[in-house]
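As structure tokens, the structure follows; a few thoughts come after it.
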Amino acid sequence: MILRKYLSLLGIGSARVDLILPKETYKPGEQIKGHFLIEGGTIEQRIKRIECDLVLIDETAGTEKVVDSTTILTSKMILSEEMNHIPFTFRLPKSVPAFMKEKSYRFNTKLTFEKGIESKDQDIIQIVS
């Protein structure tokens with residue numbers, strides 16, 4: 002039991018997060034409704050927060066820019082091997098540029114625990130006019 006606890010603190014067997022979206026293509030100003038799927042690891046862990054950033058990637062310039070973000074603060078305990086759904090709602094800014102060949106968007110999600118390594122997820126979306 003102690004070995005599993007220390008391994009989860011290092012990220013081995015810890016809980017994981019996955020942002021589940023209903024589709025991949027959206028319009029500027031559209032509201033996105035999905036959920037975070039949190040899968041418990043080998044031991045129970047206390048969740049501290051979930052952060053989700055909408056990031057603009059410019060392939061030409063080689064840059065990434067956070068366009069907008071949302072944070073859910075919590076002290077929820079996720080049990081070993083438990084499956085948990087947390088609602089996700091995000092309104093895309095109306096000013097967000099639509100799809101261009103050299104630019105793309107993604108949601109970067111980070112699940113932070115009271116103790117242990119963060120769980121991360123990335124989901125690519127397209128924004129069209």
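Read left to right, the sequence shown gives residues 2 to 130 (this note's numbering). Just so it is clear, CB atoms sit at the ideal spot from N, CA and C, and this is done for glycine as well. None of the values given here were measured: they were computed from a predicted structure.
C-beta atoms of residue i and residue j nearer than 8 Å
i	j	result
residue 27	residue 126	yes
residue 48	residue 114	yes
residue 77	residue 30	no
residue 112	residue 51	yes
residue 99	residue 128	yes
residue 105	residue 17	no
residue 68	residue 97	yes
For residue i, the first and last residue of its enclosing beta strand (DSSP E)
i	result
residue 35	32-40
residue 128	120-128
residue 111	104-114
Same chain, Cβ closer than 8 Å to residue i, five either side skipped, listed in chain order
i	result
residue 65	56, 57, 58 and 59
residue 84	38, 39, 40 and 41
7 Å Cβ shell around residue i - same chain, five flanking residues per side excluded
i	result
residue 36	21, 86, 87, 88 and 89
residue 103	59, 60 and 61
Local conformation of residue i per DSSP, three classes
i	result
residue 6	Because the pLDDT at residue 6 is just 47, under 50, the model does not fix this residue reliably, and the point stays unresolved.
residue 88	strand
Same chain only: Cβ atoms within 6 Å of residue i, ignoring 5 sequence neighbours per side
i	result
residue 123	107 and 109
residue 70	54
**Study point:** Inside the stretch 17-81 only - beta strand (DSSP E) runs reaching at least 3 residues
**Key:** 17-21, 32-40, 46-59 and 64-74
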